[in-house]
Amino acid sequence: MNVGHLNFFKVNKCGLYKVNDDNTYGLELSETFDLIQDWVGTKSLALTIPWDPKEKPNRSKCYCKDIYKDENTGDFLIMLWKSDTDSTGSLLGASEDGEIGSSSVVKYTNSYRGKKVIWGRPCFYWVIPELETIVSIKFDHSVCDSELFQDYVHSSITNRVK
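Sequential numbering of the sequence shown, starting at 3, is according to the working numbering.
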């Protein structure tokens, strides 16, 4: 049985605002994720990163692995894919039994059995527009990164949504 841990976050503001004006001019929570879902559409995983990784080489890469909207509730379930590979798609590992000062490392590359692979871990989020709430869901095999989630949403709207 998988055990999940939930962290609830209240969304204080989401939308387009004018300076010194608390009124929103579109892009409330539900519309924001509708637009992201439309942008992601049927793209391949590699095309769902909302920023240019060459311009931000030190930022973790993040992709949208899946997004689902429940039409009855208006809630969204989102699975982002967080990758900490380098600019060549490689991921390095060190032997846990290795001696201090040892220079040996294991290198995973971005191809596996002839196919390109994005190494990473899933991040799960439940967006509840009616309650202006976002829930991060943590399983043993996943990670939670609220800052990365905010960056993903902001960058998707700023750089990709039309």
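All C-beta atoms in this analysis are idealised placements derived from N, C-alpha and C, irrespective of residue type, glycine included.
Since the model is a prediction, treat every value here as computed from it, not as a measurement.
Please report the straight-line C-alpha distance between residue i and residue j, rounded to a whole angstrom.
i, j, result
"Val119", "Tyr110", "10 Å"
"Val5", "Ser104", "37 Å"
"Phe151", "Ser157", "10 Å"
"Pro52", "Gly100", "38 Å"
"Glu134", "Ser97", "44 Å"
"Trp83", "Glu57", "19 Å"
"Trp128", "Tyr27", "24 Å"
Could you check if residue i is buried or exposed, using at least 16 other CB atoms within 10 Å of its CB as the buried criterion?
i, result
"Val21", "exposed"
"Asp86", "exposed"
"Thr160", "exposed"
"Phe10", "exposed"
Going by CA-CA distance only, name the one from the options that's closest to residue i.
i, options, result
"Val107", "Gly116, Pro124, Gly95 and Glu101", "Gly95"
"Ser92", "Ser158, Ile130, Trp121 and Asp24", "Trp121"
"Asp40", "Glu101, Val145 and Asp68", "Asp68"
"Asp153", "Asp24, Met3, Phe10 and Ile38", "Ile38"
"Gly76", "Leu18, Ile102, Pro59 and Asp36", "Asp36"
"Asn14", "Asp24, Leu8 and Ile159", "Asp24"
"Glu33", "Asp88, Tyr127, Thr50 and Phe78", "Phe78"
"His7", "Glu149, Lys164 and Phe141", "Phe141"
Measuring from the CB of residue i, is there a heavy atom of the ligand ZN at a distance below 7 Å?
i, result
"Pro124", "The ligand ZN is absent from the structure shown, which contains no ligand whatsoever."
When DSSP labels each residue in this structure, what does residue i get in the three-state scheme?
i, result
"Ser157", "helix"
"Leu8", "strand"
"Pro124", "strand"
"Thr135", "strand"
"Thr26", "strand"
"Leu150", "helix"
"Leu18", "coil"
Tell me the residue span of the alpha helix (DSSP H) that contains residue i.
i, result
"Ile38", "Leu31 to Val42"
Looking at the secondary structure, which residues open and close the beta strand (DSSP E) in which residue i lies?
i, result
"Asp68", "Lys63 to Lys71"
"Ser85", "Phe78 to Ser85"
"Tyr110", "Val108 to Tyr110"
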